[in-house]
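Structure first, then comments.
Protein chains: 2
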Amino acid sequence: MPKKRIIILGGGFAGINTAMQLERRIRRRDDVEIILISRENYLVFQPMLPEVISGNIGILDTVTPLRRLAPKTQIYIRDVDKVDVAQQTVTLAPAFETTSTQLHYDHLVIALGNVTDFRNIPGLHDHAFPFKNLLHALRLRDHLIRVLSEAANTTDPVLRNELLTFVIGGGGFSGVEVCAELNDFVRDCARRYFNIREEEIRVILVHAGDRILNHEMPESLGNYAQKLLQKRGVEFIFDMMIKTATPDFAVLGDGQRIPTKTLVSSVPSSPNPLVLDIDVPHDHGRIKSDLKMQVEGFSNVWALGDCALIPHPKTDGFCPPTAQFAIREAKTCATNIVACLDNRPQSDFAFTELGKMAALGHRRAIIQMFGKINVHGFVAWLIWRMAYWTKLPGIDRKIKVGISWFTDILCGRELVQTGMDNPASFTEAHFESGEMVVHQNEPAARFSIVVNGKASILETNPDGTEKVVGELGAGDCIGVDGLLDKTTPEYSVQCTEKMNIVSYERKELEPLLILPDIKQSLEKLRRKQGN
Amino acid sequence: MPKKRIIILGGGFAGINTAMQLERRIRRRDDVEIILISRENYLVFQPMLPEVISGNIGILDTVTPLRRLAPKTQIYIRDVDKVDVAQQTVTLAPAFETTSTQLHYDHLVIALGNVTDFRNIPGLHDHAFPFKNLLHALRLRDHLIRVLSEAANTTDPVLRNELLTFVIGGGGFSGVEVCAELNDFVRDCARRYFNIREEEIRVILVHAGDRILNHEMPESLGNYAQKLLQKRGVEFIFDMMIKTATPDFAVLGDGQRIPTKTLVSSVPSSPNPLVLDIDVPHDHGRIKSDLKMQVEGFSNVWALGDCALIPHPKTDGFCPPTAQFAIREAKTCATNIVACLDNRPQSDFAFTELGKMAALGHRRAIIQMFGKINVHGFVAWLIWRMAYWTKLPGIDRKIKVGISWFTDILCGRELVQTGMDNPASFTEAHFESGEMVVHQNEPAARFSIVVNGKASILETNPDGTEKVVGELGAGDCIGVDGLLDKTTPEYSVQCTEKMNIVSYERKELEPLLILPDIKQSLEKLRRKQGN
């Protein structure tokens, strides 16, 4: 008899806990197999990720390999191309194979979580740092070291200000925690640079609410956190959202432009886009599940975690997208799948939240327990650390992280870049009116195509003034001559109407010039545009 | 009076030690400034880098931030674009600025080290992993986890064999140490995968000499190392070099093809190419310095470390390219520069090597001390660890690394990928005759241009046999239809004469189709080629 196959999509708290709970429940059975598909091979301990920025904990201490958590589960580290609930198949993108992998399932568990979704804010995708996984944290860390080191060397006051201004969008848990760690890190590091003064550093948190953590924490704790961060130099802008991002600015809802090279955005997040492509009932982009974790209208499709809309067992609302809930939902889901396999009755989800915590750096935290007890300061930080420490899987990891926390009390921060902040060769960029797109004689000029918006081509007169010598709009190129002749631009380009461009590093497109037809059409383009 | 400016190029042992020694000698002077330019912001502890693969030590423990070592030096993390010894200037590539940075110097120290130089071996640049810096180590680690995890899932025996075969080129210090750690790591990890058997794993070291470490170590120690690695499952191929690398094979000098997805090459290395562009006397690509570290014909240009050819103080030969020598050379160089500034007489370099060591994983090492005392095994390993531990800069780092070494005795290896092994969107590839370049219905097919060599386009007949329907040569494209219509190929492409291609991810080139001229010329190309 063929084995019953359970496929779990997603390796976050919901997905991996479903696998772990299933492993426990089918330990002595060989008629069931579990497959888990995830983009990353590790589970992120999200609340500790901000500490990676400061290097307070070892980089690998915040994450646990999935294989270790669920050793009996077959794990694919792949992208999911397609889910077909009618045919009961999941198609995976190929890795080393040359064909896609199609897997049939008997039960499907959808636990794809949510993603940072920058689609609706122009420029955010191109110019803001997301903060969801280990790579994001490492990239941000590298970038911070890079801007500090460049600020220490530059003599240009405008650039120096841009480099030393850090903007964080969002005042929820993630935004506040990232802000606290980032602020501590850059101020600490700046002391290592003999030519940066701490007063030059600005860390600005922009939040849509009228105080930080307004949705997450009671006012007293929110205010405590706010005052603490203020004392450490963080500036707050409330009742405001980030409207646009460009290479040089964070643009706020009221049009104010904050010059910065570092914009971190913890908002907005939305369910994994793949979720919408699955043919099951949705509500606001999330999958409609019931208290059994079963998807409406299906007996063998289950959804849980941040991508699912599950009625709250105690209130009229829905389960919040937190790890606490995901872990308990996974337990219910695993129980019910096994019940389903055995034709036993299923059970309902029942859970009340234990508490909420936020770490504020420098051994301070805030906690609300059981919806009523508020704790803040050093004691809260100790509870925070202990709570997460106990959740670390495996005794060896507990020892490692424990010791690493202890040694950090003795040792300072490290300024090592891992070298992952390499500028991408293919990029998209957004510019607002008035911004420079290309500077005259810019050695690193790229080949770009205007997707929409407008810009002027400027040349410098002998007297130093500038004159407009051409206009660029959608479908025009910038830097054709540079690509063809490897010259630096003798003109500059200034955005006149907000625009988006796609842009390539020259040396990456140069091989295309091997093709005579392509080369000719680029030469034609140059004649047509005259740039 | 303007300050005298000393510019140091390179942040390896030679460069950073020159800066440190200079700082010490000019501590109370404000008439001298030191600038150091490096591509990375850290000094790599090369001998420990292989341990990053296995995660035996914390990722950041192998490297030390330059700023910490030389706090009074102004450090630029930049590429050097140009060195003009006539004008006494160094030009840096721009970082966040839009213009290059030009710096004038009074004294120039060239310590650019050497690089892994894959230029003369076809395909090595495209398909082999170099192993010089932290990023290389992290990338290789990620890749190893990836191939193991894919091998665990695939049912294709050919692919499985490729994924589980690991080839290391070069049997010098670096090659042997990487081989030892890689072998330990993959065999250890394989035990976590319930569907990989250890016997399926092959680790092969290919070496030009007739035994490992033939240039570096006496025969008895070399043989000890060899037997030890053999016992742990490493296979050796001697008197042989790697001739070519392709996506699926390492091709040896005798034409033998070893199917593998993992080729690590520690050879060949040659001086940094920038060194050749500097207008000073060269010999075999290295800069001719004397025992004062002064470059022939210059009173204010100094060269040391791996990029310089310095007469050996005791023998007829030249100083070897090792950290031991670099550190002592830096001391002489710093002394002489300060003597030069003060018009005092300069002194000559004098040093005899202390010893040579190689770590073999699993707490085993080999050491030759003072050219005569040979030690191997656990005691050698202890000496090795202690020797490097004492060289770690700073008491806090000593504590951290010490504790991390201690906890590793208690804890197992970690299988966390940092996520840096993302396939590049723009790649170059080399194929040997008979290899498949594109497979029919390959979903991830790319757009490629044949740079040189030949290939056949094959279509499948109704009876399953294949027929040649076209030939491709230099300047032809593969996958035009895929780029234009987003289809998967209905043909396959097989290399018939060794060829090089450049290749783009489709979605990266798609924005170019916004340009009607480019689109038309691609359509023309398609008609012409009929694919």
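Chains D and F are the protein sequences, given in the same order.
Read in order, the letters of the first sequence are residues -8 to 522 in this note's numbering.
Read in order, the letters of the second sequence are residues -8 to 522 in this note's numbering.
For every residue, glycine included, the Cβ atom is placed at its ideal position computed from N, Cα and C.
Pick from the options that is closest to residue i, judged by C-alpha positions
i: asparagine 201 of chain D; options: D:Lys389, D:Cys170, D:Ala77, D:Phe227; result: The sequence shown places aspartate at residue 201 of chain D, not asparagine. Residue D:Phe227 is the option with its Cα nearest to aspartate 201 of chain D.
i: glycine 308 of chain D; options: D:Ser483, D:Leu282, D:Ala241, D:Lys123; result: D:Leu282
i: aspartate 21 of chain F; options: F:His430, F:Asn186, F:Arg(-4); result: F:Arg(-4)
i: leucine 345 of chain D; options: D:Ile358, D:Arg354, D:His353; result: D:Ile358
i: tyrosine 495 of chain F; options: F:Asp147, F:Val471, F:Ala241; result: F:Val471
i: asparagine 144 of chain D; options: D:Gln93, D:Ala181, D:Thr92; result: D:Ala181
i: leucine 474 of chain F; options: F:Thr156, F:Lys498, F:Phe397, F:Val177; result: F:Lys498
i: lysine 519 of chain F; options: F:Gly466, F:Glu488, F:Val286; result: F:Gly466
i: serine 280 of chain F; options: F:Trp293, F:Ile25, F:Asp270; result: F:Trp293
i: glutamate 88 of chain D; options: F:Asn186, F:Pro434, F:Ile25, F:Leu463; result: F:Pro434
i: cysteine 468 of chain D; options: D:Glu450, D:Ser512, D:Asn432, D:Pro507; result: D:Ser512
i: leucine 295 of chain D; options: D:Val266, D:Arg354, D:Val54, D:Thr306; result: D:Val266
i: aspartate 274 of chain D; options: D:Asn291, D:Ala446, D:Pro302; result: D:Pro302
i: methionine 348 of chain F; options: F:Gln285, F:Thr55, F:Ile249, F:Gln315; result: F:Gln315
i: arginine 355 of chain F; options: F:Leu220, F:Arg15, F:Arg517; result: F:Leu220
i: histidine 134 of chain D; options: D:Lys510, D:Leu155, D:His116, D:Lys363; result: D:Leu155
i: lysine 477 of chain F; options: F:Leu504, F:Cys486, F:Gly455, F:Val459; result: F:Leu504
Neighbour list for residue i in chain F, Cβ cutoff strictly below 9 Å
i: lysine 489 of chain D; result: The contacting residues do not exist; lysine 489 of chain D stays about 18 Å from chain F at best.
i: leucine 516 of chain D; result: Leu506, Asp508, Ile509
i: alanine 119 of chain D; result: Neighbours of alanine 119 of chain D on chain F: none; closest Cβ ~17 Å, over 9 Å.
i: asparagine 291 of chain D; result: The contacting residues do not exist; asparagine 291 of chain D stays about 23 Å from chain F at best.
Residues sharing a beta bridge with residue i, DSSP
i: lysine -5 of chain D; result: D:Val23
i: proline 56 of chain F; result: F:Tyr33
i: glutamine 93 of chain F; result: F:Thr82
i: cysteine 486 of chain D; result: D:Ala446
i: serine 280 of chain D; result: D:Val286
i: glutamate 419 of chain F; result: F:Val493
i: asparagine 105 of chain D; result: D:Pro262
i: leucine 99 of chain D; result: D:Ile(-2), D:Val292
i: glutamine 65 of chain F; result: F:Ile26
i: valine 255 of chain D; result: D:Phe120, D:Ile159
i: aspartate 75 of chain F; result: F:Thr80
i: proline 272 of chain D; result: DSSP output for proline 272 of chain D lists no bridge partner at all.
i: isoleucine 249 of chain F; result: F:Ala241
Interface residues of chain F facing residue i [CB-CB closer than 7 Å]
i: glycine 161 of chain D; result: Within 7 Å Cβ-Cβ: nothing; glycine 161 of chain D doesn't reach chain F, min ~23 Å.
i: tyrosine 67 of chain D; result: Asn144
i: threonine 456 of chain D; result: Those do not exist, as threonine 456 of chain D stays about 19 Å from chain F at its closest Cβ, beyond 7 Å.
Chain D contact residues for residue i, given Cβ-Cβ distances below 8 Å
i: glycine 466 of chain F; result: Ile505, Leu506, Pro507
i: proline 502 of chain F; result: Ile440, Val442, Val493
i: glutamine 511 of chain F; result: Ser512
i: proline 62 of chain F; result: Arg183, Phe185
i: alanine 236 of chain F; result: Result: empty, since nearest Cβ-Cβ is about 16 Å, beyond 8 Å.
Chain F residues whose Cβ lies nearer than 8 Å to that of residue i
i: glutamine 79 of chain D; result: What glutamine 79 of chain D touches in chain F: nothing, since even the nearest Cβ is about 19 Å away.
i: glutamate 481 of chain D; result: Under the 8 Å cutoff, chain F gives no residues; its nearest Cβ is about 14 Å from glutamate 481 of chain D.
i: phenylalanine 87 of chain D; result: Val138, Glu141, Thr145, Leu150, Glu153, Leu154, Lys252
Neighbour list for residue i in chain D, Cβ cutoff strictly below 9 Å
i: arginine 110 of chain F; result: Correct list: empty, because the minimum Cβ distance to chain D is about 16 Å.
I'd like the ranges of any beta strand (DSSP E) spanning at least 3 consecutive residues and lying wholly in the segment 208 to 232 of chain D.
If we require 3 residues or more, the beta strand (DSSP E) runs fully inside the segment 208 to 232 of chain D come out as 225 to 228.
Output needed in chain order: residues of the segment 147 to 158 of chain F with a Cβ under 8 Å from some Cβ in chain D.
Asp147, Leu150, Glu153, Leu154
Threshold first: 3 residues or longer. Then list the beta strand (DSSP E) segments lying entirely within the segment 425 to 469 of chain F, N to C.
427 to 429, 438 to 451, 457 to 463
At a CB distance below 8 Å, what residues from the segment 121 to 141 of chain F approach chain D? Give them in sequence order.
Asn124, Leu125, Leu126, Leu129, Ile136, Arg137, Val138, Ser140, Glu141
Alpha helix (DSSP H) segments (min. 4 residues) lying fully within the segment 109 to 197 of chain D:
115 to 118, 125 to 144, 148 to 154, 164 to 181
Going along the segment 182 to 216 of chain F in order, which residues come within less than 9 Å of chain D, judged by CB to CB distance?
Arg183, Tyr184, Phe185, Asn186
Proximal residues, the segment 442 to 454 of chain D versus chain F, C-beta separation under 9 Å
Val442
Residues of the segment 411 to 440 of chain D with Cβ closer than 7 Å to any Cβ of chain F, in chain order
Met411, Ser416, Phe417, His430, Asn432, Glu433, Pro434, Ala435, Ile440
Pull out every residue of the segment 260 to 277 of chain D whose Cβ sits closer than 9 Å to any Cβ of chain F, in chain order.
Within the segment 260 to 277 of chain D, no residue qualifies.
Ignoring anything shorter than 4 residues or poking outside the segment 332 to 408 of chain F, list the alpha helix (DSSP H) runs there in chain order.
Secondary structure remark: continuous alpha helix (DSSP H) runs of at least 4 residues inside the segment 332 to 408 of chain F, in chain order: 369 to 382, 386 to 401.
If you measure beta-carbon to beta-carbon, which residues of the segment 240 to 251 of chain F are closer than 7 Å to chain D?
The segment 240 to 251 of chain F vs chain D, Cβ under 7 Å: nothing.
For the segment 377 to 397 of chain D, which residues have a CB atom closer than 7 Å to at least one CB atom of chain F, in sequence order?
Those would be Asp387, Ile390, Lys391, Ile394, in chain order.
Give the residues from the segment 89 to 107 of chain F that approach chain D closer than 9 Å (Cβ to any Cβ), ordered along the chain.
Thr89, Thr90, Ser91, Thr92
By the 8 Å beta-carbon criterion, what residues does the segment -1 to 14 of chain D contribute toward chain F?
Flagged: no residues at all.
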